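Worksheet for the structure shown next.
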Amino acid sequence: MRTLAFDGRMGAAGDMVLGALLAAGADRDALKPVERALDVAYVVSTVDRNGISATGVEVVLTDSTTDGGHDDEQTHSHGDGGHGHSHDDGADHTHAEGHGPHRSYPEVVDIVEGMALPERVEADALAIFEVLGEAEAAVHGTDLDDTHFHEVGADDAIADVVGAALLLADLDVERVVTTPLSAGGGTVSMRHGTYPVPTPAVLEIAERADWSLRGGPVETELLTPTGAAILAHVAEGVDRLPSLTVDASGYGAGAREFEDHPNVLRAMIGDGGGGLRRDDITVLETNLDDAPPEVLGDLQRSLTAAGARDVSIVPLTMKKSRPGHLVKVICKPDDADRVARRLAEETGTLGIREHGAGHRWIAERA
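Sequential numbering from 49 applies to the sequence shown in the working numbering.
Okay, here's the thing in structure tokens:
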């Protein structure tokens, strides 16, 4: 099985994910749809992190309405703590990090849907933003559609999320895993005050993710909401790196440098071993006899964003020969309540069957 493995010992931010994917072989040209749609540019460079050659990625605004007449060195941060950016702004660019309009969740969805992305890429990007939106809504006690993004609603964060989806599609791997992700430590200043690391949004995302969270190894923020949301959607957690015949690898750079720890996200791609692996699952089922096509069409995306691992919709004949559909959802046991609530909300079904404490054997395909 073609596998992409992340080494999460120094956490992750959106730009680090982009850098790691590019360093591991993703095509830089895959990012062009975002540059055309958002008036941004990805500036890719090679940087040194404690003796390791890593790929740095910055997102800069290229809109002609921005003030391009400055030569001052500037440092911009959008709450990413240890993964904030520091650089010289060139005469033709304004750094997008935390800049541009701050948008609501529906506005971000409209932007992504207007990019004319491949279907798989659009679905992944929207699912990542739904993870972000649900985390923000939970923290602030609001509904998803009423959630306003601040830093993660700016153009640079949209570029991080959609860019990651594009690069993952370009790599065309079958499985993505990550070792436990380091959150860092200490505190971080945010719009509403000073908070301990991991931040509330990162904690909410971690609750929805398959991977583990750990503290350290430095006293600053290492895992950002954007980085956490990307990996929550695409990666399953592993305790240690899997057995791989590695044929590509690379490092995505964080901006800050630490004395004893290279601030990088490592990515490896290769073929996994054969055999079977097992995980515990819950199966949810419901019969629908009156669901409109638009609800069924969006159900897979919505349930996947809520934590479903697989969604099947099967036509069937119900009582009195009425046509209907069987919706079958596979999810982790810890996600079953959330996925069941989403299934009920989306379909209006009056009942959901649960087959709990099951096991699934998964073939490691070569």
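The beta carbon of each residue, even a glycine, is placed where N, CA and C say it ideally should be.
The model shown is predicted, which means the values in this text are computed figures rather than measured ones.
Measuring straight from C-alpha to C-alpha, what distance separates residue i and residue j?
i, j, result
"P228", "A315", "14 Å"
"E269", "L292", "30 Å"
"G59", "A231", "6 Å"
"G399", "K380", "20 Å"
"R417", "G320", "Within the shown structure, residues of the chain are numbered from 49 to 414, placing residue 417 beyond reach of any answer."
"R386", "P244", "26 Å"
"A217", "V169", "7 Å"
"P246", "D75", "32 Å"
"L192", "L347", "17 Å"
"G62", "L364", "43 Å"
"L109", "L271", "24 Å"
"M163", "L52", "26 Å"
"E145", "T397", "Because the pLDDT at E145 is just 40, under 50, the model does not fix this residue reliably, and the point stays unresolved."
"R304", "N98", "11 Å"
"L86", "L391", "33 Å"
"L251", "A78", "31 Å"
"A185", "V331", "27 Å"
"H150", "K367", "50 Å"
"F54", "L374", "36 Å"
"V209", "G372", "36 Å"
"A301", "P248", "24 Å"
"H403", "D204", "42 Å"
"T352", "I278", "13 Å"
"D96", "T395", "51 Å"
"E333", "S369", "20 Å"
"V377", "L219", "27 Å"
"G73", "G275", "19 Å"
"T195", "F177", "11 Å"
"T190", "G318", "42 Å"
"E83", "A71", "19 Å"
List the endpoints of the continuous beta strand (DSSP E) containing residue i.
i, result
"A53", "R50 to D55"
"E106", "I100 to L109"
"V225", "R223 to T226"
Given that a residue counts as buried once 16 or more other Cβ atoms are within 10 Å of its Cβ, and exposed if not, what is residue i?
i, result
"E222", "exposed"
"E167", "exposed"
"G355", "buried"
"M64", "buried"
"V362", "exposed"
"G345", "exposed"
"I100", "exposed"
"D308", "exposed"
"S350", "buried"
"E342", "exposed"
"G38", "Nothing can be reported for residue 38, as the shown portion of the chain is limited to 49 through 414."
"E393", "exposed"
"D328", "exposed"
"G263", "exposed"
"L188", "Residue 188 is actually His in this sequence, not Leu. With fewer than 16 other Cβ atoms within 10 Å, it is exposed."
"E161", "exposed"
"R256", "buried"
"T94", "exposed"
"H133", "Its pLDDT being 36, under 50, H133 is placed unreliably by the model, and the measurement read from it follows with that caveat. With 16 or more other Cβ atoms within 10 Å, it is buried."
"P273", "buried"
"D258", "buried"
"G234", "exposed"
"D383", "buried"
From which residue to which residue does the alpha helix (DSSP H) around residue i run?
i, result
"E83", "K80 to L86"
"S369", "S369 -> no alpha helix (DSSP H), and no H or E assigned at all."
"E393", "A384 to T395"
"G181", "E167 to H188"
"G62", "G62 to A71"
"L398", "No alpha helix (DSSP H) holds L398; DSSP gives it neither H nor E."
"D208", "D203 to L219"
"P154", "Y153 to E161"
Would you say residue i faces chain C, with C-beta separation under 9 Å as the test?
i, result
"A60", "As a matter of chain content, chain C is missing from the structure shown, which is built from one protein chain."
If you measure from the CB of residue i, is any heavy atom of the ligand ZN nearer than 8 Å?
i, result
"V88", "Absence of the ligand ZN from the depicted structure is noted, as is the absence of any ligand whatsoever, leaving it without description."
Ignoring anything shorter than 3 residues or poking outside the region 236-314, list the beta strand (DSSP E) runs there in chain order. 241-244 and 292-301
For the region 169-180 against the region 203-216, do three or more pairs of beta-carbon atoms, one drawn from each stretch, fall closer than 8 Å, so that the two count as touching? yes
Could I get the ranges of all uninterrupted beta strand (DSSP E) runs contained in the region 340-368, with 3 residues as the minimum, in chain order? 356-365
I want to know whether the region 280-299 touches the region 333-341 - three or more CB-CB distances under 8 Å. no
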